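For reference, the structure is listed below as structure tokens.
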Amino acid sequence: MNHLTKGLYGENAHVNVLTIFDGLDEGQAGEVIFDQHSIWQLLNHMIYWQDYVLRLLKEEETIPPKHASETWPSEVKTLNERTWLAAVDKFTNGLHEAIRLAKNEHVDSNSQEHLISLISHNSYHAGQVVYIRRYLGCYDHIRHHSPHRTSPGYYACLVDVDELIWSFNFDMDFPIVIR
């Protein structure tokens, strides 16, 4: 497994992006905390940029958004469970496609840059999803993802909230503010 596929899967310092939506229902996905985006909005924003990067990698026509707000859905909640599950499947399928493309031993430098950008983007927003889930009390399986994540003091995610960076130590019950 190369460094690109490891990053896309969520190895090393990244949470496994393939598991962040596991066990989550559409009601939880629509919860808003601290006036931030809901998990539903985060998922759709991640899908938008993942699809954009996949089009770039396949050398398909891409038109960048005129403004970042175009990449965020206005609705906070999904309409129903079927819509929620379809969105999770779309994200998962897109991520598997990116992983398939990253496994190519002859990935050119432009494609590598696009994949690294996707890794960074997914990791950042995955951290937000984990933070929201921890706040809602519906994310208890992070310790089972990797043996490296079981040691005391491990900081599993960084999340930009209200212009501060919050790091959540999963061995403690409170966020730690770092600048």
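Plus 17 on top of the position in the sequence shown (first one is 1) and you've got the numbering used here. Don't be surprised by glycine CBs; every beta carbon is placed ideally from N, CA and C. Here the structure is a predicted model, which is why all the values come from computation and not from measurement.
Contact between His131 and Leu73 is confirmed by a C-beta separation of about 5 Å, below the 8 Å threshold. Distance from the CA of His20 to the CA of Val49, rounded to the nearest whole angstrom, comes to 34 Å. Under the three-state reduction of DSSP output, Gln58 falls in the helix class. Between Ile149 and Leu71, the gap from beta carbon to beta carbon reaches 9 Å or more. When the five nearest sequence neighbours on each side are left out, the beta carbons in the same chain lying within less than 6 Å of the beta carbon of Ile64 are those of Lys107 and Phe108, in order along the chain. The segment 117 to 129 makes no contact with the segment 89 to 102: fewer than 3 CB pairs, one atom from each, lie closer than 8 Å. Excluding the 5 residues flanking it on each side, Val146 has same chain C-beta neighbours closer than 7 Å at Ile37, Ile56 and Leu59, in chain order. For Glu43, the closest alpha carbon among the candidates Ile133, Leu135 and Trp101 is that of Trp101. In the structure shown, Phe51 falls within a coil segment according to DSSP collapsed to helix, strand and coil. The C-alpha of Arg99 lies about 20 Å from the C-alpha of Asp68.
Between the alpha carbons of Phe51 and Gln45 lies a distance of about 15 Å. Apart from sequence neighbours up to five positions away, the residues of its chain that approach Ile116 with a beta-carbon distance below 8 Å are Thr22, Leu25 and Tyr26, ordered along the chain. A distance below 6 Å between beta-carbons, with the five flanking residues on each side excluded, links Ser140 to the following residues of its chain, in chain order: His31. Assignment of Trp89 by DSSP, reduced to helix, strand and coil, places it in the coil class. Taken through DSSP and simplified to helix, strand or coil, Gly144 comes out as helix.
In the same chain as Asn97, and ignoring 5 residues on each side of it, the C-beta atoms closer than 7 Å to its own belong to Glu43, in chain order. Closest by C-alpha distance to Asp39, out of Glu76, Tyr152 and Val105, is Val105.
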